[in-house]
Amino acid sequence: MKFRNFPIHLGLIHLSLAISLFFLISLGWFLPTYIYRYFTIAFMFSCLALSWDILGGYSGYLSFGHMSFFGVGAYTTAILLTTLGISPLITVPLGAFISGLLGVVSLSVFIRLEEAYFAIATLALNFSLQSLATVLEITGGARGISTPLLPFSPITLYIIFLSSFLVITMVLLSMRYKIENSRIGYAMLALREDKTVAECLGINTLRMKLIAMFISCFFTGLVGSMYPLFATFIDPTIGFSVDWSVLLVVMCICGGTGIWWGPLLGAFILHSVRELFTYTLPIPQLSLAIIGITFVILILFFPQGIGGQIAYKRRS
Amino acid sequence: MLPLFLTLIITGISLGALYSIVALGFSVVWGTAEIVNTSLSSVAVLSSYISFWSFTLFGESFLLLTPFIVLFSAVVNLLLSIYLDSVLTRMPPLYSLMAYFGLGYTFQGIIAYVWGVRQRTIIMPLLDVVVFLGVPLKFFIVIGVMILFFVAFWLFLVRTKPGLAIRAVSQNKKGALVSGINVKRTYMLAQFLAGIGAGVSGVFISFIYSFSPATASLWIAYMFLIVVVGGLGSVLGSAVAGILLGLIQTVTSYIMPSLWADVIVYVVLIGVLLVLPKGIGELIS
Amino acid sequence: MEIIKGEKVCVNFGGLSALKDIDFYVKPKEIFGIVGPNGAGKTTLINTITGLVEISSGRLFFKGKDITRMRPHEISRLGIARTYQLVRPFLRLTTLQNVMVGALYGKSNIHNLDEAISVAEKYIEFVGLQKKKNDLALNLNEVERKRLELARALATNPEVLLLDEVAAGSTHAEMKEIMEIVSELRESGLTICMVEHVMKMIMALADRIMVLHLGMKIAEGSPEKISNNKEVIKVYLGE
């Protein structure tokens, strides 16, 4: 607690988020739909980035195919809802749990791989699941699955999911803040710096990696399971989007991996940049190039991200 | 039945040949400089688009321009890598993987902006003439080019001084430095050669297969598969692994819907990575 | 009873035999030296004791307990700590944070952060790094990093300390300091195994020495006995 200088206080963040939520709801129905859409997607990405970083920022395993777990959750809800009529209240936690399990299984299988190979293996997993979802009947193939629209007006729908994603964001932030200030936080720092030495200092690195993986995939799957409910549609290119997988990595590196609030910042920055380019420039294809260049610049000059720069400056 | 089977084999080998040529450059750069240049597939696709563009402008005589297209690819890759590698060689290879991945994305975005995202290809009736076993001329040309490329590359590595430098640096960087080899220049040479491979491959893709910006992302996994199966920095390994990949893809696409072929390719990649976390190269050494 | 005992320890990598039929033991509170030419298998032996390298055949015991198949973190919890031939501090952490990791885990297994801080500060003072307490390990020089690693290992409260070439590249003065520290540690009750190349230091410090060559034990005994051993002399001076 004395040696981790946090320029931003957790409580302050929770307070501002709660206040913003309050305003959005009370002003609600008066603000243009676009604002709600922007924040809903922004917080969705925040949840995804924050959970990605539980694996990437703490254990040092950079997953390039994290949407695998999003898609698993999304299809769990979509399939169970449309074929068996199971209520979302069950499919959502179930989808999250299945994703978590898949994560643990995948990690146990990929664990011996070196960093670069691990990244590619996760990417390959992502592509495989995408191809699999495209060929199988049960996932609706390339056409995807349409899920019924919930009986709410568009804005109400956005508000419900915006609030949900915001709450999940707050949960993740609190979790991460507590971890970083605890004994386990030190273990994770050690794990990230040098796995072998950490192990020889008495840290059960295998258990930590598996737990990090489960939590990371659980929350990714949780968000994924919720996605079809407000998007009313899921298909392989969205559910297992490799572009989003890479985007998550960029978000976390931009905001700063291993810092409790880093991915939140990164998610908002990158999402805003993407939206800006989509709506101001009539050339959507360039957004890919923009992300690409951002990635290059980040890796070359700011590998610790914006958050890393701030935290580092504070320390010296 | 048999002729059909042979046709599949030849087209499969031809596809594999194109994979091998790009993958060889990728493998050699990784083995020499410890830089994972994931933008090579995008450079290849870029040269495909430039070829396509030349074809729309000049028709079939664009073939005369191909050496320049290849050279252009090599130079672009070289210049960018000189800049990027100056920073990246001091970081773990994963960072180079990410940086070049971003670079590849940038290429894809620019390509999509200039030429759109639709699948493209070049049709040249001359090359579609069926020569042997029901297989058009173009496939044999590719196989011929691949053989030439690999033989030339191999001879370069074993018979020339710069080639020797590449092999030395791949095996023992410090030793090479101490022996007076200019390591930085060797890296640049490796990148230049990789750019040539990407250019050659791209040119041939343009009139043999169809391509789109997305092709570049797809090929990244293939390059990795070939490196892992064939062994880092291995010329023979890249050739064999690439051909195998092309064969498996072509044959399975014929038997079952092509997307299943994709699933199999990725599953095989994951499988190989698990059994041999460092690739077949580990098995050999 | 011996604190560490190895029975016919063999380590094979692929077709290569790195260690062959090593029988050895370490007495509590003694300084045990492990010497031998390059490639003799010294660091491999340390790696097998800490659990990083799998023992192909043979057994290893710590205070009578079979640790042959144990994982490194379990072995650390039992009370075996080590330093590395090429220093491996956690570069992006401060000196204090580095040593705290040791205090929080290992055998000491402290759960309270404040307690861990005071324990860490104690060991940082012991190795003389107080001034650099809040500096990133990244910014320390080689010698300071070696001390950091020692403090971190000690913070785990071990019973056995394995030092891998701790004197490599040291000046005369630094070597004297290391010798003083090692003696002090032994006085405090620690058992120490030292892999060393610097013969002068080992001869002066060690109670017993084991000589390895090409993965096999060729001699064992007091420093005097070793220095008079014909095989050892042949191996070090060549034919």
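If you read the sequences in order, they're chains A, B and C.
Note that the numbering used here numbers the first sequence so that position 193 is 178, with each residue one more than the last.
Note that the numbering used here numbers the second sequence so that position 41 is 34, with each residue one more than the last.
Here the numbering used here runs 48 ahead of the position in the third sequence, where the first position is 1.
Just so it is clear, CB atoms sit at the ideal spot from N, CA and C, and this is done for glycine as well.
Would the beta-carbon of residue 63 of chain B fall within 7 angstroms of that of residue 183 of chain B? no
Find out if the Cβ-Cβ distance for the pair residue 58 of chain B, residue 47 of chain B is shorter than 7 angstroms. Closer than 7 angstroms, so yes.
Would you kindly work out how many angstroms separate the C-alpha atoms of residue 91 of chain A and residue 232 of chain B, rounded to a whole number? The alpha-carbon atoms of residue 91 of chain A and residue 232 of chain B are separated by roughly 30 angstroms.
Counting only beta-carbon atoms, is residue 173 of chain C nearer than 7 angstroms to chain A? no
Skipping 5 residues on each side, what residues in its chain have a beta carbon closer than 6 angstroms to that of residue 268 of chain B? none
For a contact meaning CB atoms closer than 8 angstroms, what does residue 288 of chain A contact in chain B? 84 and 88
Start-end ranges of the alpha helix (DSSP H) lying completely within the stretch 29 to 97 of chain A, minimum 4 residues: 52 to 69 and 73 to 95
Check for me: the alpha helix (DSSP H) holding residue -1 of chain A runs from which residue to which? According to the DSSP assignment, residue -1 of chain A belongs to the alpha helix (DSSP H) that extends over -5 to 12.
Given that a residue counts as buried once 16 or more other Cβ atoms are within 10 Å of its Cβ, and exposed if not, what is residue 125 of chain B? exposed
Taking the alpha helix (DSSP H) that residue 213 of chain C belongs to, which residues open and close that run? It is not in any alpha helix (DSSP H) - residue 213 of chain C carries neither H nor E in the DSSP assignment.
DSSP state of residue 82 of chain C mapped onto helix, strand, coil: strand
I'd like to know if the stretch 73 to 81 of chain A and the stretch 221 to 231 of chain B are in contact, where contact means that at least 3 CB-CB pairs between them fall below 8 angstroms. Too few Cβ pairs lie closer than 8 angstroms, so no.
Report the residue ranges of all alpha helix (DSSP H) runs contained in full by the stretch 156 to 232 of chain A; include only those spanning at least 4 residues, in chain order. 168 to 178, 180 to 185, 190 to 216 and 221 to 224
Which residues, in chain order, does the stretch 254 to 282 of chain A contribute to contact with chain B at a C-beta distance below 9 angstroms? Considering only beta carbons, the part of the stretch 254 to 282 of chain A lying closer than 9 angstroms to chain B consists of 268, 269, 270, 271, 272, 273, 274, 275, 276, 277, 278, 279, 280, 281 and 282, in chain order.
Residue from A:45, A:22 and A:-2 whose Cα sits closest to the Cα of residue 179 of chain A: A:45
Report the partner residues of residue 242 of chain C according to the DSSP bridge assignment. C:81 and C:211
If you measure from the beta carbon of residue 120 of chain A to each beta carbon in chain B, is any gap under 7 angstroms? yes
Element boundaries [alpha helix (DSSP H), containing residue 149 of chain C]: 143 to 152
Report buried or exposed for residue 43 of chain B, applying the criterion of at least 16 other Cβ atoms within 10 angstroms of its Cβ. buried
Counting beta carbon pairs with one atom in the stretch 174 to 193 of chain C and one in the stretch 202 to 214 of chain A, are three or more of them shorter than 8 angstroms? The stretch 202 to 214 of chain A is not in contact with the stretch 174 to 193 of chain C.
List the residues that DSSP assigns as beta-bridge partners of residue 107 of chain C. According to DSSP, which records beta bridges pairwise, residue 107 of chain C is partnered with C:55.
Just to make sure I have the definition right: I need the residues of chain A whose C-beta is within less than 9 angstroms of the C-beta of residue 124 of chain C. Which are they? Against chain A, a Cβ distance below 9 angstroms from residue 124 of chain C picks out 184, 185, 186, 187 and 188.
With distances taken Cα to Cα, identify the nearest neighbour of residue 186 of chain A among C:147, C:133 and C:108. C:147
So for residue 198 of chain B, helix, strand or coil by DSSP? helix
Identify the residues that DSSP records as bridge partners of residue 236 of chain A: which are they? Answer is none; residue 236 of chain A lacks a bridge partner.
Would you say residue 91 of chain C reaches chain A, if we count a Cβ-Cβ gap shorter than 7 angstroms as a contact? no
For residue -5 of chain A, which residues of its own chain have a beta-carbon under 6 angstroms away from its beta-carbon, when the five flanking residues on both sides are left out? Correct list, in chain order: 162.
Segment contact flag, the stretch 8 to 19 of chain B with the stretch 80 to 100 of chain B, C-beta cutoff 8 angstroms, min 3 pairs: no
Tell me whether the beta-carbon of residue 170 of chain C lies closer than 7 angstroms to the beta-carbon of residue 206 of chain C. no
Quick one: which chain B residues come within Cβ less than 7 angstroms of residue 101 of chain A? 29, 86, 87 and 90
Sheet register partners of residue 125 of chain B (DSSP bridge): B:128
Does the Cβ-Cβ distance between residue 106 of chain A and residue 95 of chain A come in under 7 angstroms? yes
If contacts are defined as beta-carbon pairs under 8 angstroms, then residue 230 of chain C and residue 253 of chain C qualify, I think. What distance do you get, rounded to the angstrom? 6 angstroms
Burial state of residue 221 of chain C (16 or more Cβ within 10 Å): By the neighbour-count definition (other C-beta atoms within 10 Å, threshold 16), residue 221 of chain C is an exposed residue.
Where are the beta strand (DSSP E) runs, 3 residues long or more, that stay fully inside the stretch 46 to 112 of chain B, in chain order? Not a single unbroken stretch of the beta strand (DSSP E) spanning 3 or more residues falls wholly within the stretch 46 to 112 of chain B.
Where residue 103 of chain C and residue 111 of chain C are concerned, what is the direct C-alpha to C-alpha distance, given to the nearest angstrom? 18 angstroms
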